[in-house]
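Heads up, the thing below is written out as C-alpha cells.
There are 2 protein chains.
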Amino acid sequence: MRIGELATKAGVSVRALRYYEEQNLLAAVRSPSGQRCYPDSALDRVQWIRQLYAAGLSSKKIVELLPCLDTGVSTRATVTLLAAERDRIQAQIASLVDMRDKLDTLIAAARTGAGDPGAGGGPGRRAGDRQA
Amino acid sequence: MRIGELATKAGVSVRALRYYEEQNLLAAVRSPSGQRCYPDSALDRVQWIRQLYAAGLSSKKIVELLPCLDTGVSTRATVTLLAAERDRIQAQIASLVDMRDKLDTLIAAARTGAGDPGAGGGPGRRAGDRQA
DNA sequence: CTTGTCTCTGACGTCAGCGTCAGGTCTTAG
DNA sequence: CTAAGACCTGACGCTGACGTCAGAGACAAG
C-alpha cells in the first residue's frame, strides 16, 4: 500500500511516516518511480511505534528495540534495554497514580462543598476505577 | 530565602525557577535591589509544579490549577479542569500499564529461552508488582 | 491531453522547558 | 576596601517529533 493509505489506516500523518523512515523505524520498498510501498505488516509496526512514543521512548530507543519486537529474538543487550524501559515505565505509572489520587482528593473536596459557593454537590463519588 | 537556596532545596535549577516566575507559576517578593525573596512555602509550591509537569501538564494548565491547589477553593471551571486532567492521567496510566505488560511478556519470553513466539510462560516471572 | 490527486525531496518553522553565555549589580567574608 | 560569589536581565541555543510550504514528478480518469 502507498503512504497515504497507511497514514489513514494508522491514524497518523504522512509526514510522520516519512519521519519514521528517516529514523530507521519503518522501511518501505520503492516503486521504480520512487514511491514508497508498504506491506500490510507496516500497520502493526506503526502502531507499535506510536505506543512506544506514547510510553515516553525516543526514536533512538525504539530503533534499538524494534528488531527484537519484530523477530522476538533478544540479545542480552536488548533484554537489558527492555528491562530498563520497563522499570522507567513502572516508575512513571507510580508517579501518575500518585498524582491521580491527589487530584481525586481535590475533586472530592470540591464536591463536598469546600470552598466554592454553589458547589453543593452532596455525595458525588466518581466511578470506581481505582485500580490501574 | 533567595533563589539559589530554593533551587538547591527543591533540586531544580535557578533558571527553572526564573522560568516558573515568567510563566506565573511562582511569585517572589523583590528586595530593594531587585533580588527575589521566597517564603518557605515556595518549596512545596515548586514540588507541586514539578509533579504536575511530570504528569504531563503544560505551564498553561498548571497556572490555571495552582490557585485552586493553593487555597483549596475550586470554581466550577477549575473542577472541570481538574477532572479533565484526572481523566487524561488515568488514560495515560492505562496506556503505560498496557505497555509495561507487553514489555514484561517480551522479557519473560527472552528469559525462558531463545526468544520466540509461542512463548511458554513458565517460571522466570518478575517480582509481583502487577498492580499500579 | 488535461485535470486532479497523490507523492517526492529538501528545508525552514514550531513549541516547551529549560541551558548557557554576556555584561552588569549586590552581598558578604576577610 | 576588595575579591569572590550569588544574583540580575536579556537573548540566543537546544532537542524531538513532527507541521508546513515550495517546486516538481507520478498516475488514474475522462
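Sequences listed follow chains A and B, in order.
Just so it is clear: in the first sequence, position 40 is 286 by this note's numbering, and no numbers are missing.
Just so it is clear: in the second sequence, position 6 is 252 by this note's numbering, and no numbers are missing.
All residues carry an ideal CB built from backbone N, CA and C; glycine is no exception.
None of the values given here were measured: they were computed from a predicted structure.
B:Ala253 in three-state terms, based on DSSP: On the second sequence, residue 253 of chain B is found 7 positions in, with the first residue counted as 1. Collapsing the DSSP output to three states places B:Ala253 in a helix.
Test: B:Ala288 CB closer than 7 Å to a CB of chain A: Numbered from 1 along the second sequence, position 42 holds the residue referred to as residue 288 of chain B. No, B:Ala288 does not count as interfacial toward chain A.
DSSP state of B:Val292 mapped onto helix, strand, coil: Residue numbering aside, residue 292 of chain B sits at position 46 when the second sequence is read from its first letter. In the structure shown, B:Val292 sits in a helix (DSSP, three-state: H, G or I).
Test: B:Leu418 CB closer than 7 Å to a CB of chain A: The structure shown does not extend to residue 418 of chain B, since chain B spans only 247 to 378, so no value can be given for it.
Within 7 Å, strictly: CB atoms of B:Ile339 and A:Leu342: As a first step, residue 339 of chain B is located in the second sequence; it is residue number 93 there, counting from the start. As a first step, residue 342 of chain A is located in the first sequence; it is residue number 96 there, counting from the start. A contact, by the Cβ cut-off of 7 Å.
Listed by chain order, chain B residues near A:Gln293 by CB distance under 9 Å: For the purposes of this step, residue 293 of chain A is identified with residue 47 of the first sequence, where counting begins at 1. Within chain B, no residue comes near A:Gln293; the closest Cβ sits about 12 Å away, beyond 9 Å.
B:Gln338, enclosing alpha helix (DSSP H) - first and last residue: If you number the second sequence from 1, residue 338 of chain B lands on position 92. From DSSP, the alpha helix (DSSP H) with B:Gln338 extends over Arg322 to Arg357.
Contacts around B:Ser305, its chain only, beta-carbon distance under 7 Å, and the 5 residues preceding and following it disregarded: Within the second sequence, the letter at position 59 stands for residue 305 of chain B. Only Gln269 and Leu271 meet the Cβ criterion.
Test item: CB-CB of B:Met247 and B:Tyr284 under 7 Å: Against the second sequence, residue 247 of chain B aligns to sequence position 1. Against the second sequence, residue 284 of chain B aligns to sequence position 38. Taking the C-beta atoms as reference points, B:Tyr284 is found nearer than 7 Å to B:Met247.
Cβ-based burial, A:Arg276 [other Cβ within 10 Å; buried from 16]: On the first sequence, residue 276 of chain A is found 30 positions in, with the first residue counted as 1. Under a 10 Å Cβ-count criterion, A:Arg276 is classified as exposed, with fewer than 16 other Cβ atoms of the shown protein chains found around its own Cβ.
Residue-level contact to chain A via CB, B:Ala253, 7 Å cutoff: Stepping through the second sequence from its first residue, residue 253 of chain B is reached at position 7. At a cut-off of 7 Å between beta carbons, B:Ala253 makes no contact with chain A.
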